[in-house]
Amino acid sequence: ELANRMAERAVDVVKSLMNMGMMVTQNQPIDADTAELIIEEFGHKVVRVSDADVEDVITSVEDKDEELVTRPPVITVMGHVDHGKTSLLDAIRKSKVVAGEAGGITQHIGAYQVETDDGAKLTFLDTPGHAAFTSMRSRGAQVTDIVILVVAADDAVMPQTIEAINHAKAAKVPMIVAINKIDRPDADPDKVRTDLLQHEVIVEKMSGDVLDVEVSAITGEGLDTLLESIALQAEILDLKANPKRQAQGAVIEAQLDIGRGPVATVLIQTGTLRKGDIFVVGEQWGKVRALIDDRGERVDEAGPSVPVEVLGLNGTPEAGDVLNVVETEGQAREIADYREHAAKERRAAAGAATTLEQLMAKAKDDVNVSELPILVKADVQGSTEAIVQAMEKIGNDEVRVRVLHSGVGAITESDIGLAEASGAPVMGFNVRANASARNTANQKGVEIRYYSVIYDLVDDVKAAASGLLSAEV
Ligand code: GDP
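Shown next, in the form of structure tokens:
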């Protein structure tokens, strides 16, 4: 690899290494310092790529105000299982596909765009639920502008509804409540509204400022009103992007297609992606060979908030990876290599991440960290409430404990996802983490602490919080 980059023969490089006393073969990795010596010996210039260099290449563009134009909002649907997330997404998509257009069939690429009767465009992410939402967020891609919280009117607020609320709040994304299944005889939309009050979601009808719309994914009732509400919320958010710059986007999903090679659905966030553009995406790079829209049609370019399938990758990226267009293939290769290398090192150092101690250490470096985020899972509702209440009493004006999410039952992957995205430890009281949650926590370095005495839990958090406090003065 090194020989290749220097355009030298591999045998010569190996020979030099042997002269230095290193008995290596062609495919053996060598450390950076040795590589530097070799490069100098061959009379080449050493360029060490760092995070800052990568940033420079990628963010060298500054948007001028006059270049910014309004972009469509990106919407994620969340809510409890069986409350109608999938049905709602399908109903919205079907209601807006022009009859006769490709037989009314849309392509599933992980996201789609619709137009309201007033001509406003809206982009929906097609993966409902907060698992996708948090995993994207933990990879640094916050693509969602608006969360639609689906609550079934015959079931009201359920555990995953609360989780969804907490995910949206943690990400500071505004919510619109879709009270679904109002066609059901036992529908009680007002129960949904009062239930939500307990979770500090105050909808308009309760004199709050969260938009709420009654809908039925089955009969289609209220769908247009829902779309109008989204358009209204988007106007308030005043979302802008510069279509004239090099594209940046986030991978919504990606897979290796037997016929087409690696394919990624990318949601363009700013700029315009065109055929022939050279890009880097996570640890991969490529050159756009073809772009395919959500109708399955080939397009030449895609602007802000447009989801497109991108062909021409040299490898399969991961959902949440960020795509950036760069000038040259050399740059793309270099950044992708650098990232691959950095990721390997990170993985090697994994196991060390968000522990209470590290949060405190981080606080010492960063004076702005005055919140200690935690997640609480307990065996019964009573314990959860007691712990949350105790947590709220810890701290003072400068430092406080923020319970991102609390719930009853085992610690799940979804908890770990939220914990990772927010850099929080998970406190389990008389509950354990299930196997997949344990694995994920290990991989991502999320700390899980188990307790069977509330006093011990409170004590640990107090100690961490006072650590934060003393770090500040
Ligand atoms: P998800 O798990 O939240 O994605 O929920 P689904 O979309 O799979 O819906 C769960 C069940 O509720 C399915 O049997 C749907 O047919 C039904 N359902 C969804 N929306 C409505 C609705 O507005 N009215 C009625 N009556 N049933 C609905």
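Mind the numbering: the sequence shown is residues 274 to 746 in UniProt numbering, read in order. Ideal Cβ positions, reconstructed from N, Cα and C, are used throughout, including at glycine.
- Taking the Cβ of Ile421 as the reference point, every heavy atom of the ligand GDP lies at 7 Å or farther away.
- Counting along the chain, no alpha helix (DSSP H) covers Ala425; the unbroken beta strand (DSSP E) around it starts and ends at 419 to 425.
- Excluding five sequence positions before and after Ala426, the CB atoms of its chain that fall closer than 7 Å to its own CB belong to Ile452, Asn453, Lys454, Ile455, Arg457, Ala460, Asp461, Pro462, Val465, given in chain order.
- Beta-bridge pairing by DSSP links Ala575 to Leu546.
- Judged by the Cβ position, Ala490 qualifies as a neighbour of the ligand GDP at the 7 Å threshold, a heavy atom of the ligand being closer than this.
- Relative to the ligand GDP, the nearest heavy atom lies less than 7 Å away from the CB of Thr359.
- C-alpha of Val354 to C-alpha of Glu339: approximately 44 Å in a straight line.
- DSSP places Leu496 in the helix class (H, G or I) of the three-state scheme.
- Under the three-state reduction of DSSP, Val599 is assigned to strand.
- Between the alpha carbons of Ala663 and Thr657 lies a gap of roughly 10 Å.
- If you compare the alpha carbons of Leu677, Ile721, Glu686 with that of Pro698, the shortest gap goes to Ile721.
- When the beta-carbon positions are compared, Gln521 and Leu586 stay at least 8 Å from each other.
- In this structure, the alpha-carbon of Ser408 lies about 44 Å from that of Phe315.
- Gly352 has its Cβ nearer than 7 Å to a heavy atom of the ligand GDP.
- Under the three-state reduction of DSSP output, Arg344 falls in the coil class, being neither helix nor strand.
- Between Arg571 and Arg547, the alpha-carbon positions lie close to 12 Å from each other.
- With three or more CB-CB distances shorter than 8 Å, the stretch 605 to 615 counts as touching the stretch 553 to 570.
- With respect to the 8 Å criterion, Ala575 and Leu584 are not classified as neighbours on the basis of their beta carbons.
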